[in-house]
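Remarks on the structure that follows.
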Amino acid sequence: MEPYTQDLRHFIVDNFLFGDQSGRFAFSDTDSLQELGIVDSTGVLELVCHLQERYGIAVADEELVPDNLDSVDQIARFIERKRRDAKLVRAS
Amino acid sequence: MCGIAGIVCQDRDDRIPISLPRMISMLHHRGPDARRMHVEPAAGLAHARLSVIDLRGGDQPLANDDRTLWITFNGEIFNYVELREYLERGGHRFRTQSDTEVLLRLYEERGRRALADLNGDWAFAIWNSRSRTLLLSRDRMGVRPLYYTIVGRTLLFASEIKALFADPRVSREIDPESVDDIFTVWSPLAPRTIFGSVRELPPGHSLTWHEGHVTVSRDWRPGFVRKSHEQLPDRDAEEQLRAHLTHATRIRLRADVPVGAYLSGGLDSSIVAALAAGERGRAGNGAPPLQTFSLGFDAAEFDERSYQRHVVAALGTEHHELQCTPADIVRVFPQVVWHAEAPLLRTAPAPLYLLAQFVRERGHKVVLTGEGADEVFGGYNIFKEAKLRRMWSERGRASRRAALVKRLYPHLPHLQRQSAALLQSFFHAAPDDLAHPCFSHLPRWSLTSRLKMFFSDDLRASVDGRDAVAEVVARLPADFASWDQLGRAQHLEITQLLPGYLLSSQGDRMAMAHGVETRFPYLDPDVVAFGTSLPDRLLMRGMREKVLLRRVGRTLTPPSVWKRTKQPYRAPGADAFFNTVGPAKAGHDGDDADYVNDLLSPSQIRRDGLFNPDAVSHLVRKFREGKAIGVKDDMALVGILSTQLVIHHFINHFGTDTHGALYTGSEALHRR
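Protein chains in written order, with this note's numbering: chain A, 35 to 126; chain B, 1046 to 1717.
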């Protein structure tokens, strides 16, 4: 999960915090990005676009739920699960 | 409709004969037809005239019979005919046919009590040369602008801030608190303006200056007295509203030049156009058809031309359409900010600037508009959204609510994809929010406040600990908490966004940039009093907006219009600023407008000091890569660019050239 969390943190700082590294918008890997106001309703779709571009993951509408997308850890787990599922599909 | 300016001072001020002509010349666009001044020791009034009523006799400043009272007046008193009759019955003999003389004589007879008798849009100054007292007054809703500043023992006032800056003594520094206001509630909280030294006279207020002492007092505030019409049967309410609107439109057709109408394709402006066309019909067969004017956009999501054409066909108006492209918006945006004199969070004023130019080129000086109906009759999405958020905080089926959110925002494609669970996380209301007096507006203000992440460290430090929302709360009427939810939300719209942004940056300033006067039947005092006394069931029923107004529309407009759900007026957004100038290009390798690159460059951002250059560079890159898809990024880019334009126009490039003539940032951009 580690490589995903690093990349996700970088994406979030770059895309939603416009490079701010001052610590004013510090967030942990388990913090709710919505509650902190970092990701809003448009931000969810920006995040989904990033997952599709960067990891080749197709995200279905019904997967757009907080359990998958609310914190860095949840997103990383979601990527892992999606890539594992995709491999299984290819293998079968 | 005109521009006004003036100077009064406690001691003799040698600068009056120098500054006053410069001040009024800055307002030439508001009044291109004539320019006059009245100067006496230590006081001067000036007027730039747009001739609308009494074309030959209406010159100003105008004096009373014994020349002790002098008036300079911008606006129209629509009930001047009735007021004149009243004054004539009392023995007054008039020298002109103008509404200005009516206003002055009424003031002479009744003093400040006269203000309550006025049905109109005004900003005026009356100078009493005997008592050496100045009165400034502004209309109830804030249609016409009026600013003032105090330098030592001298007060200067004008219709626009740029006229005050024509006097070199007036400081042009940005007020950090105003920037904080704008990046929270979209406009400075009056009387603040973006410039620290300049005050706005708030809507419905008067200012008195006497011997250097200034007193500002409130003359009017909107009341919400739902109970008074609680028992009114729907049919009676409909008849009364129609009668009020008919009268409001009729007296707004009073002019000695033709009056046209804006047509958006929505319910509000269509009703006004229908009533105006009806009045034309009453005038007889010889009357030429009503001229209507509208905007069209290439992008289907903004374009309402099919609805406009239904109305034109139904009413038989002579219609004029202006096609507005993203490149047009980019081209005029610097002039838009020059006229708005404030940072903007949306590009939406730009098409209205172009529309006013289009109207003027077709020989019209006066247009009716549908502005104000959404505030007074419950039309805005923010009212529905507040209802939904409140519902969502209670128990119930999330899937149904998600469907309602999606119906509420058909123009936001990203919302359409999202699950009920996710939408709930965005639209649910926390218990603290539910108890907040400004519950309806918290999401808008909180979204806008996120833009402050672009503030520079210096700006952030200077507004540290400040809370613009708390200041809004502190200004609310004492019994606000006892008002119904919709009434509270309407009050916030009517007292905040309407005067602070819609009537100014998007209204008066865009129209008067081209000498076009806008008139607003929905802001007639009787219409506003009636609307704010209606019970909820006649405003919003379920998720259906403007219930009563729609019933009036049923008899005046085509079904395609009165059955329509409100479509907010929107214009192409900030991505227009990137790669739209020059030949149209599909990719992201086109030429951005030069001024955009210059004003958003890290070096310029650093020099001007309000924003963080790194964060702005990230934002610009996001736009260039085509990845900025959200409202927040859009508002950030437009807000930063327009603030940079304010600094460019009014601070970095405002002054006198080597010949002593004033030049402005707007001209400097074009000289390059």
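C-beta atoms are modelled at their ideal positions from N, C-alpha and C, and glycine is treated no differently.
Under 8 Å by beta carbon: chain B residues contacting Gln68 (chain A): Here the question's residue 68 (chain A) lines up with position 34 in the first sequence. Chain B residues near Gln68 (chain A): Ser1470 and Phe1471.
Look at the alpha carbon of Leu1191 (chain B) and the alpha carbon of Leu1543 (chain B), and state the distance between them as a whole number of angstroms. Looking up residue 1191 (chain B) in the second sequence gives position 146. Looking up residue 1543 (chain B) in the second sequence gives position 498. Whole-angstrom Cα-Cα distance: 16 Å.
Are there any heavy atoms of the ligand MG lying less than 7 Å away from the beta-carbon of Leu1594 (chain B), as far as the coordinates show? As for the ligand MG, it is missing from this structure, which has no ligand bound.
Leaving aside the five residues before and after Asp1279 (chain B) along the sequence, list all residues of the same chain whose C-beta is less than 8 Å from its C-beta, in chain order. Taking the second sequence and counting its residues from 1, one reaches residue 1279 (chain B) at position 234. The answer, listed in chain order, is Leu1583, Leu1593 and Arg1596.
If you pair each beta-carbon of the stretch 1192-1201 of chain B with each one of the stretch 1565-1578 of chain B, do three or more pairs fall below 8 Å? no
C-beta atoms of Pro1482 (chain B) and Leu1521 (chain B) nearer than 8 Å: The residue labelled residue 1482 (chain B) in the question sits at position 437 within the second sequence. The residue labelled residue 1521 (chain B) in the question sits at position 476 within the second sequence. Yes; because the gap between Cβ atoms is below 8 Å, this pair is in contact.
How would you call Arg1263 (chain B), buried or exposed, if buried means at least 16 neighbouring beta carbons within 10 angstroms? For the purposes of this step, residue 1263 (chain B) is identified with residue 218 of the second sequence, where counting begins at 1. Exposed is the call here.
Can you tell which of B:Phe1228, B:Ala1431 and B:Val1097 has the C-alpha that lies nearest to the C-alpha of Val1025 (chain B)? Here chain B has residues from 1046 to 1717 only, and residue 1025 (chain B) is not among them.
Nearest neighbour of Asp1620 (chain B), chosen from B:Arg1586, B:Ala1673, B:Gly1576 and B:Ser1648 [CA to CA]: Walking along the second sequence from the start, residue 1620 (chain B) turns up at place 575. Of the candidates B:Arg1586, B:Ala1673, B:Gly1576 and B:Ser1648, the residue whose Cα lies closest to the Cα of Asp1620 (chain B) is B:Ala1673.
Establish whether the CB of Thr76 (chain A) and some CB of chain B are separated by less than 8 Å. Residue 76 (chain A) sits at position 42 when you count from the first residue of the first sequence. Chain B contact via Cβ: present.
Measuring CB atoms only, is the stretch 1230-1239 of chain B touching the stretch 1544-1559 of chain B, in the sense that at least three cross pairs come out at less than 8 Å? yes
From the beta carbon of Gly57 (chain A), is the nearest beta carbon of chain B less than 8 Å away? Within the first sequence, the letter at position 23 stands for residue 57 (chain A). False, the Cβ-Cβ gap to chain B never drops below 8 Å.
Quick one: using the 10 Å Cβ neighbour count with 16 as the cut-off for buried, is Ala1393 (chain B) buried or exposed? Position 348 of the second sequence holds residue 1393 (chain B). Buried.
Within 10 angstroms of the Cβ of Glu1085 (chain B), are there 16 or more other Cβ atoms? Answer buried if so, exposed if not. As a working mapping, residue 1085 (chain B) is identified with position 40 in the second sequence. The residue in question, Glu1085 (chain B), is exposed, as its Cβ has fewer than 16 Cβ neighbours within 10 Å.
Anyone know if the C-beta pair for Ile1219 (chain B) and Thr1602 (chain B) falls short of 8 Å? Along the second sequence, one-based indexing puts residue 1219 (chain B) at 174. Along the second sequence, one-based indexing puts residue 1602 (chain B) at 557. Against a cut-off of 8 Å, the Cβ pair of Thr1602 (chain B) and Ile1219 (chain B) comes out as no contact.
Cβ-based contacts, 7 Å cut-off: residues of the stretch 1641-1666 of chain B near chain A: Asp1659, Ala1660, His1663 and Leu1664
Going along the chain, which unbroken runs of the alpha helix (DSSP H) with 4 or more residues stay wholly within the stretch 1603-1681 of chain B? 1604-1607, 1639-1644, 1647-1653 and 1658-1669
Of all Cβ atoms in chain A, is any one closer than 8 Å to the Cβ of Gly1618 (chain B)? The residue labelled residue 1618 (chain B) in the question sits at position 573 within the second sequence. For Gly1618 (chain B), the answer is no, since every Cβ of chain A falls outside 8 Å of its Cβ.
8 Å Cβ cutoff, Gly1675 (chain B) in contact with chain A: By 1-based counting over the second sequence, the position of residue 1675 (chain B) is 630. Chain A contact via Cβ: present.
Could you name each continuous beta strand (DSSP E) segment of 3 residues or more that falls completely within the stretch 1132-1219 of chain B, going from the start of the chain to the end? 1165-1173, 1178-1183, 1192-1196 and 1199-1203
Nearest to Ala1358 (chain B) by alpha carbon, out of B:Pro1371, B:Phe1378, B:Leu1181 and B:Gln1336? For the purposes of this step, residue 1358 (chain B) is identified with residue 313 of the second sequence, where counting begins at 1. Of the listed residues, the one whose Cα sits closest to Ala1358 (chain B) is B:Gln1336.
Would you call the CB atoms of Ala1203 (chain B) and Ala1050 (chain B) closer than 8 Å? For the purposes of this step, residue 1203 (chain B) is taken as the residue at position 158 of the second sequence. For the purposes of this step, residue 1050 (chain B) is taken as the residue at position 5 of the second sequence. Taking 8 Å as the Cβ cut-off, Ala1203 (chain B) and Ala1050 (chain B) qualify as a contacting pair.
Which residue comes first and which comes last in the alpha helix (DSSP H) that contains His1289 (chain B)? Position 244 of the second sequence, counted from the first residue, corresponds to residue 1289 (chain B). Looking at the DSSP string, the run of the alpha helix (DSSP H) that includes His1289 (chain B) is Asp1279 to Ile1296.
Restricting to runs no shorter than 3 residues, where is the beta strand (DSSP E) found entirely within the stretch 1508-1544 of chain B? none
Between Val106 (chain A) and chain B, is any beta-carbon pair separated by less than 8 Å? Translated into the one-based positions of the first sequence, residue 106 (chain A) becomes position 72. Not an interface residue.
Report the three-state DSSP secondary structure of Asp1058 (chain B) (helix, strand or coil). Counting from one through the second sequence, the residue named residue 1058 (chain B) turns up at place 13. In the structure shown, Asp1058 (chain B) sits in coil (DSSP, three-state: anything other than H, G, I, E or B).
Would you check if the stretch 1169-1189 of chain B and the stretch 1246-1266 of chain B touch, i.e. whether three or more CB-CB distances between them fall below 8 Å? yes
My guess is that Trp1167 (chain B) and Ile1227 (chain B) are in contact by the Cβ rule of under 8 Å, so how many angstroms apart are they, rounded? Residue mapping note: residue 1167 (chain B) aligns to position 122 of the second sequence, counting from 1. Residue mapping note: residue 1227 (chain B) aligns to position 182 of the second sequence, counting from 1. Their Cβ separation, rounded to whole angstroms, is 26 Å, which puts Trp1167 (chain B) and Ile1227 (chain B) out of contact at 8 Å.
Pairwise C-alpha distance: Pro1236 (chain B) and Ser1646 (chain B): Locating residue 1646 (chain B) in the second sequence gives position 601, counting from the first residue. Locating residue 1236 (chain B) in the second sequence gives position 191, counting from the first residue. For Ser1646 (chain B) and Pro1236 (chain B), the distance between alpha carbons rounds to 32 Å.
Output yes or no for whether 8 Å exceeds the beta carbon distance between Val1270 (chain B) and Ser1485 (chain B). Numbered from its first residue, the second sequence carries residue 1270 (chain B) at position 225. Numbered from its first residue, the second sequence carries residue 1485 (chain B) at position 440. Taking 8 Å as the Cβ cut-off, Val1270 (chain B) and Ser1485 (chain B) do not qualify as a contacting pair.
Distance between beta carbons of Val1683 (chain B) and Leu1467 (chain B), contact taken as under 8 Å: Reading the second sequence from its first residue, position 422 is the one you call residue 1467 (chain B). Reading the second sequence from its first residue, position 638 is the one you call residue 1683 (chain B). Rounded, the Cβ-Cβ distance is 27 Å, inconsistent with contact.
Put Ser1251 (chain B) into one of helix, strand or coil per three-state DSSP. Along the second sequence, read from residue 1 onward, the residue named residue 1251 (chain B) stands at position 206. It is a strand residue.
Which class does His1384 (chain B) belong to by DSSP, given the choice of helix, strand or coil? Within the second sequence, the letter at position 339 stands for residue 1384 (chain B). Note: His1384 (chain B) maps to helix in three-state DSSP.
Looking only at C-alpha atoms, which of B:Ala1475, B:Arg1554 and B:Gly1323 sits nearest to Leu1360 (chain B)? Taking the second sequence and counting its residues from 1, the one referred to as residue 1360 (chain B) is at position 315. It is B:Gly1323 whose Cα lies nearest to the Cα of Leu1360 (chain B).
Are the beta-carbon atoms of Phe52 (chain A) and Ala1660 (chain B) separated by less than 8 Å? The residue given as residue 52 (chain A) occupies position 18 in the first sequence. The residue given as residue 1660 (chain B) occupies position 615 in the second sequence. Remark: C-beta atoms of Phe52 (chain A) and Ala1660 (chain B) approach each other more closely than 8 Å.
Examine chain A for any beta-carbon lying closer than 8 Å to the beta-carbon of Arg1495 (chain B), and answer yes or no. If you number the second sequence from 1, residue 1495 (chain B) lands on position 450. It does; some Cβ of chain A falls within 8 Å.
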